[in-house]
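Here is the structure we will look at, set down as structure tokens.
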Amino acid sequence: MVVLSQPTLDDFSLIKTCKPSGNLFTGIPVIDLSAPDAKTLLVEACQEFGFFKVVNHGVCLELMARLEAEAIKFFNLPQSDKDKAGPPSPFGYGNKKIGPNGDVGWIEYLLFSTNPEYISHKTSLSIFQEKPEIFRSAVKEYISKVRDVVCEVLELIADGLKIEPRNMMSKLLRDEKSDSVFRLNHYPPCPELQALSGRNLIGFGEHTDPQIMSAVRSNNTTGLQISLRDGTWVSVPPDHSSFFINVGDSLQVMTNGRFRSVRHRVLADSLKSRVSMIYFGGPPVSEKIRPLSPLMEVGEESLYKEFTWCEYKKSAYKSRLGDNRLGLFEKT
Ligand code: GA4
83 MVVLSQPTLD DFSLIKTCKP SGNLFTGIPV IDLSAPDAKT LLVEACQEFG
133 FFKVVNHGVC LELMARLEAE AIKFFNLPQS DKDKAGPPSP FGYGNKKIGP
183 NGDVGWIEYL LFSTNPEYIS HKTSLSIFQE KPEIFRSAVK EYISKVRDVV
233 CEVLELIADG LKIEPRNMMS KLLRDEKSDS VFRLNHYPPC PELQALSGRN
283 LIGFGEHTDP QIMSAVRSNN TTGLQISLRD GTWVSVPPDH SSFFINVGDS
333 LQVMTNGRFR SVRHRVLADS LKSRVSMIYF GGPPVSEKIR PLSPLMEVGE
383 ESLYKEFTWC EYKKSAYKSR LGDNRLGLFE KT
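One rule links them: number in the numbering used here = place in the sequence shown (from 1) + 82.
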């Protein structure tokens with residue numbers, strides 16, 4: 083019997099590349115959470131881009147820097163130590179492989195459930211031999227602060243859409259059973275490839291986020307790109323002191339298609355490491371995902387079949403990263 087050896091990921095060959103786009107897009111909406119017109123601007127940004135930057139959010143930069151430093155300490159550990167925290171199933175350390183269905187990218191990451199029980203044992207404790215509680219408490223504190231920001235954004239959006247009560251969406255993220263996820267990503271630089279081909283490696287391929295809303299904070303390295311309505315990819319100027327917020331598939335359904343869940347991707351920089359931390363705010367697993375009734379016009383029908391978050395997640399984990407996951411739930 084001939085046993086074929088599995089292809090290894092130790093080279094670039096399986097990872098897609100992309101021509102770097104030099105220009106940074108200047109049209110990303112910037113929302114000052116303390117401004118009186120924030121609610122109107124948020125609704126407009128969710129409709130047009132499904133993406134915006136939030137400033138004046140109240141999260142202290144020292145906390146972001148502390149968590150970033152802990153993440154870097156982890157990613158600097160010997161590979162064999164990092165591998166002890168993997169593979170992600172779905173939580174834990176992952177290297178180049180994304181999800182269970184063959185997607186790959188120029189990335190290593192840690193995925194956590196925001197549920198405190200998981201934060202304590204599955205990922206962090208075993209890998210931080212040295213002072214694990216420092217890392218764990220930075221993750222916990224950061225999640226609680228970034229969740230507050232996303233909840234405030236969702237409440238302002240409810241005001242802008244005249245939805246009452248204003249916590250109709252945010253309460254799903256605050257629920258103790260909220261099925262939210264947190265990830266720390268490290269995109270190593272790829273100078274060899276840049277030198278050979280003038281191209282950049284794709285760190286995280288194009289996709290939409292399945293949850294309600296996600297908040298990204300990264301160091302000052304470029305790489306994040308979003309797809310505009312006409313399908314053009316544009317590069318987001320990095321800003322380590324702000325949050326970049328994505329509308330997820332669930333919010334697209336809850337607004338019956340008024341908001342768009344934005345396709346986005348990350349290209350590895352040729353020279354600088356990119357480190358990002360992302361909170362994905364999701365509902366409890368048993369929650370029905372359907373258009374919010376105060377939003378529906380008389381006679382308006384849902385564009386989507388009704389489903390629970392559990393059903394959507396199951397379906398998402400059977401999909402490839404770039405698939406149109408909501409397509410399966412659209413009414414024909
Ligand atoms: C995309 C958004 C989040 O990063 C994530 C990803 C998840 C994973 O990395 O395990 C998925 C992807 C994401 C959607 C489809 C499935 C699941 C990889 C993948 C191929 C943590 C999430 O919730 O969905």
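Yeah, the Cβ is synthetic: ideal placement off N, Cα and C, and Gly gets one too.
Next item on the list: May I ask whether a heavy atom of the ligand GA4 can be found less than 7 Å away from the beta carbon of N406?
Entry: Checking the Cβ of N406 against the ligand GA4 gives no.
Next item on the list: Could you please give the first and the last residue of the uninterrupted alpha helix (DSSP H) stretch that includes D351?
Entry: Boundaries cannot be given for D351, as no alpha helix (DSSP H) includes it and DSSP labels it neither H nor E.
Checklist line | L353 versus S300, T314, S317 and E274, residue with shortest Cα-Cα distance | finding: Of the candidates S300, T314, S317 and E274, the residue whose Cα lies closest to the Cα of L353 is E274.
Notebook entry, point to check: Is any heavy atom in the ligand GA4 found nearer than 7 Å to the beta carbon of V186?
Noted result: Of the heavy atoms belonging to the ligand GA4, none sits nearer than 7 Å to the Cβ of V186.
Notebook entry, point to check: Would you say D331 touches the ligand GA4, meaning its beta carbon is less than 7 Å from a heavy atom?
Noted result: Checking every heavy atom of the ligand GA4 against the Cβ of D331, none is found closer than 7 Å.
Next item on the list: Starting from K396, follow the alpha helix (DSSP H) in both directions and report where the run begins and ends.
Entry: Residues W391 to Y399.
Margin query: In whole angstroms, give me the CA-to-CA distance for F264 and K222.
Written below: Answer to the nearest angstrom: the Cα atoms are 10 Å apart.
Next item on the list: Measure the Cβ-Cβ separation of S355 and P271 and say whether it is below 8 Å.
Entry: Yes, the Cβ-Cβ distance between S355 and P271 is below 8 Å.
Notebook entry, point to check: Would D187 be called buried (16 or more neighbouring beta carbons within 10 Å of its own) or exposed?
Noted result: It should be noted that the sequence gives Gly, not Asp, for residue 187. Flag for G187 reads buried.
Notebook entry, point to check: Does the ligand GA4 have even one heavy atom less than 7 Å from the beta-carbon of I180?
Noted result: Yes, the ligand GA4 has a heavy atom inside 7 Å of this Cβ.
Note to self: Can you give me the C-alpha to C-alpha distance between R311 and H346, rounded to a whole angstrom?
What the structure shows: Near 12 Å, if we compare the C-alpha coordinates of H346 and R311.
Check: If you draw a straight line from the alpha carbon of G242 to that of L124, how long is it in whole angstroms?
Finding: Using only the alpha carbons, I get a separation of about 8 Å.
Next item on the list: Please report the residue range of the alpha helix (DSSP H) in which F156 lies.
Entry: L143 to F157 is the extent of the alpha helix (DSSP H) around F156.
Checklist line | Between the CA atoms of V348 and P170 - distance to the nearest angstrom | finding: Near 20 Å, if we compare the C-alpha coordinates of V348 and P170.
Next item on the list: Measuring alpha carbon to alpha carbon, tell me which of F341, L115, H139 and F133 ends up nearest K227.
Entry: Relative to K227, the option among F341, L115, H139 and F133 whose CA is nearest is H139.
Next item on the list: Leaving aside the five residues before and after L145 along the sequence, list all residues of the same chain whose C-beta is less than 8 Å from its C-beta, in chain order.
Entry: Annotation for L145: A220, E223, Y224 and K227 place their beta carbon closer than 8 Å to its own, counting only its chain and skipping 5 residues before and after.
Note to self: Looking at the secondary structure, which residues open and close the beta strand (DSSP E) in which R418 lies?
What the structure shows: Shown here, the chain extends from 83 to 414; a query on residue 418 therefore has no answer.
Check: Going by DSSP, what residues sit across from G424 in a beta bridge?
Finding: Lying before the first or after the last residue shown, residue 424 is absent from the chain, which here runs from 83 to 414.
Checklist line | Collapsed DSSP secondary structure at C233 in the structure displayed | finding: In the three-state scheme derived from DSSP, where H, G and I count as helix and E and B as strand, C233 is classed as helix.
Check: For G330, which option in N197, G381 and W391 has the closest C-alpha, if you only look at C-alpha atoms?
Finding: Ranking N197, G381 and W391 by Cα distance to G330 puts W391 first.
Note to self: For the alpha helix (DSSP H) containing M336, name the first residue and the last one.
What the structure shows: In this chain, the alpha helix (DSSP H) harbouring M336 covers D331 to M336.
Notebook entry, point to check: Ordered along the chain, which non-local residues of its own chain (more than five positions away) have a Cβ less than 6 Å from that of E288?
Noted result: Only residues of its own chain outside the window of five on either side were considered, and among them R345, R347 and G404 have a CB closer than 6 Å to the CB of E288, listed in chain order.
Notebook entry, point to check: When we look at the beta-carbon of K121 and count the other beta-carbons within 10 Å, is it buried (16 or more) or exposed?
Noted result: Taking a 10 Å sphere around the C-beta of K121, we find 16 or more other C-beta atoms and assign the residue as buried.
Notebook entry, point to check: DSSP puts I176 in a beta bridge; with which residues?
Noted result: Position check: residue 176 holds Gly in this sequence, whereas Ile was assumed. Paired residues: Y191.
Item checked: Chain-order list of residues whose beta-carbon lies under 6 Å from that of I113 (same chain, five-residue window excluded) -> So the qualifying residues of the chain are A120, L123, L124, F134 and V136.
Notebook entry, point to check: Which residues bound the alpha helix (DSSP H) around L124?
Noted result: Element bounds for L124: A120 to E130.
Check: Counting pairs of Cβ atoms below 8 Å between the stretch 307-322 and the stretch 331-340, do you hit three or more?
Finding: The stretch 307-322 is not in contact with the stretch 331-340.
Next item on the list: Would you check if the distance between the CB atom of I189 and the CB atom of H268 is smaller than 8 Å?
Entry: Yes, the pair counts as a contact, with Cβ atoms nearer than the cut-off.
Next item on the list: Tell me, please, which residues DSSP counts as bridged to H346.
Entry: H289 and I308, per the DSSP bridge assignment.
Next item on the list: Take the Cβ of K370 as the centre, count every other Cβ of all protein chains shown within 10 Å, and call the residue buried at 16 or more, exposed below.
Entry: The residue in question, K370, is exposed, as its Cβ has fewer than 16 Cβ neighbours within 10 Å.
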